[in-house]
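Protein chains: 2
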Amino acid sequence: MEKEQQKFMAAALAEARQAAILNEVPIGAVVVKDNQIIGRGHNMREHFQDVTYHAEMLAIMEACERLHSWRLEDCDLYVTLEPCIMCSGAIINARIANLYYGAADPKAGAVDSLYHLLADSRLNHQVRVESGIMQAECSQVLKDFFRAIRRRKKAARKKGRAGD
Amino acid sequence: MEKEQQKFMAAALAEARQAAILNEVPIGAVVVKDNQIIGRGHNMREHFQDVTYHAEMLAIMEACERLHSWRLEDCDLYVTLEPCIMCSGAIINARIANLYYGAADPKAGAVDSLYHLLADSRLNHQVRVESGIMQAECSQVLKDFFRAIRRRKKAARKKGRAGD
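Going line by line, the protein sequences match chains A and B. Reminder that position 76 of the first sequence reads as 76 in the UniProt record's numbering, one-by-one numbering, no gaps. Reminder that position 133 of the second sequence reads as 133 in the UniProt record's numbering, one-by-one numbering, no gaps.
So this is what it looks like as structure tokens:
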């Protein structure tokens, strides 16, 4: 079971790396049903200038298309970072069974950090949550991305000063 | 100002009626910038079998496309029903300035009913909210829709019994 989780989180991580190549914050997600990936997504917000293009949303939309159904009742979602409010809402609305996420997001995470939206018994669906799956790798891909950005900015500033 | 709000909520209501024609739960939304509608949407979840196709999401996506930007900072959203968690998250992520909604949604509303997500000071954006705009009309369109469904179901049951 743990091996399976690692396999699917590795697929989500591969998606995150795709995002990094496009200069997007590297977050990736996959939707799994019957041990098969039926939806993949990586953050594409900047590329398409669309606020809804988070990794989870794109993976969920692809899964809905694949199943010809908005109900993803026997599906699991794997995502490298704790989902935000929007994505948590989509996960609940889609009736996803299990959520597995890698790193926590203390600033915007709505599953454990700021809220516990997926456990709200007032809603007509609750989602089982497991966190910390391949946490180190999921954090590292984000750290590497932001470190590279800082390095580029620093180099650009130096170049700017040299040109004065 | 109140007249303007009614004008834009009437446009959202026209969208809701479009949804009803397609046999979708009648909810409609528009995004407004500089007194112009730049995004329209009505619930299309069943038609496309896509869980993300709520009125607000579609209106926000159209506005992003129109402005070539995921930031809808000087934009207002008008919607006939109080937004759910997913749509509230999208409204926050898009940095919408003002939300105007018609009827409350006691079961799934995340703006006033179950949560006050748009007022959360821990997030990097808060949204000004006005509720109850054309509330009677916004509720009525939903009531009419569900009454028609019940009537059709009753007629189908009668027909079924007559055929026994």
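Beta carbons are placed, not taken as given, at the ideal position from N, Cα and C, and that holds for glycine. Treat the numbers as computed from the prediction; the structure is a model and nothing was measured.
Per DSSP, A136 (chain A) is one residue of the alpha helix (DSSP H) stretching across Q135 to A162. With contacts defined as CB atoms closer than 8 Å, R66 (chain B) and G39 (chain B) qualify as a contacting pair.
Using beta-carbon distances, N93 (chain A) counts as an interface residue toward chain B, with a partner under 8 Å.
The shortest CA-to-CA distance from G109 (chain A) to any of A:I37, A:L22, A:E82 and A:Q140 is the one to A:E82. Taking the CA atoms as reference points, C64 (chain B) sits about 32 Å from R122 (chain A). For R128 (chain A), the enclosing beta strand (DSSP E) begins and ends at R128 to S131. Residue-level contact check: R147 (chain B) does not touch chain A, since none of the beta carbons of chain A fall below 8 Å from its beta carbon.
When C-beta atoms of the region 136–143 of chain A are compared with those of the region 33–48 of chain A, fewer than three pairs fall below 8 Å, so the two segments do not count as touching. Restricted to the UniProt domain "CMP/dCMP-type deaminase" (3–130) of chain A, the beta strand (DSSP E) segments that are unbroken, complete and at least 3 residues in length are 28–33, 36–42, 76–81 and 98–103, listed in chain order. Between the alpha carbons of N23 (chain A) and A16 (chain A) lies a distance of about 11 Å.
As the crow flies, the alpha-carbon of V32 (chain B) is around 19 Å from that of Q135 (chain B).
A residue is called buried when at least 16 other Cβ atoms come within 10 angstroms of its Cβ; H42 (chain B) meets this threshold and is buried.
Taking all protein chains shown into account, F8 (chain A) has 16 or more neighbouring C-beta atoms within 10 Å of its C-beta and is therefore buried.
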